[in-house]
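Novice:
In the working numbering, the protein residues as written are 2 to 98.
#1: Sort 16, 42, 15 by Cα distance to residue 3 and report the nearest one.
#2: Name the two residues that bound the continuous alpha helix (DSSP H) containing residue 22.
#3: For residue 23, is the classification buried or exposed, using 16 other Cβ atoms within 10 angstroms of its Cβ as the cut-off for buried?
#4: With DSSP collapsed to three states, give me the class of residue 50.
#5: Go ahead and label residue 53 buried or exposed: buried means 16 or more other beta carbons lie within 10 angstroms of its beta carbon, across all protein chains shown.
#6: Taking 8 angstroms as the cut-off, does the segment 48 to 67 touch the segment 32 to 39 (at least 3 CB pairs, one atom from each stretch)?
#7: What three-state label does DSSP hand residue 69 in the structure shown?
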């Protein structure tokens with residue numbers, strides 16, 4: 002459902018999100034999955050020219066490899082380290098130091 006576009010912040014009729022309801026009933030793996038989900042569309046935003054930019058922040062051909070890295074390692078997008086574009090294209094696993 003998350004990959005299909007379900008909104009993690011939506012609240013039900015009692016004002017609770019899916020993660021809050023999962024935590025309430027002790028489904029902590031579900032809470033982790035919901036809270037760590039990162040939509041590919043959110044990353045795709047950076048492959049498009051924004052405002053006065055002349056080129057996107059992320060080359061479009063790196064969208065799929067970078068998304069695979071983020072999802073595979075269950076990294077929060079803030080924790081992704083800076084790697085060169087050529088390195089990202091050639092290497093499946095990158096260790097941040």
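Just so it is clear, CB atoms sit at the ideal spot from N, CA and C, and this is done for glycine as well.
Specialist: Quick look at the numbers:
#1: Checked all of 16, 42, 15; the closest Cα to residue 3 is 42.
#2: For residue 22, the enclosing alpha helix (DSSP H) stretches over residues 19 to 25.
#3: Buried, because 16 or more other Cβ atoms sit within 10 Å of the Cβ of residue 23.
#4: Three-state DSSP puts residue 50 in coil, outside helix and strand.
#5: The residue is exposed, with fewer than 16 neighbouring Cβ atoms inside 10 Å.
#6: As far as the Cβ criterion goes, the segment 32 to 39 does not touch the segment 48 to 67, which means the pair count is below three.
#7: In the three-state reduction of the DSSP assignment, residue 69 falls in the helix class, which pools H, G and I.
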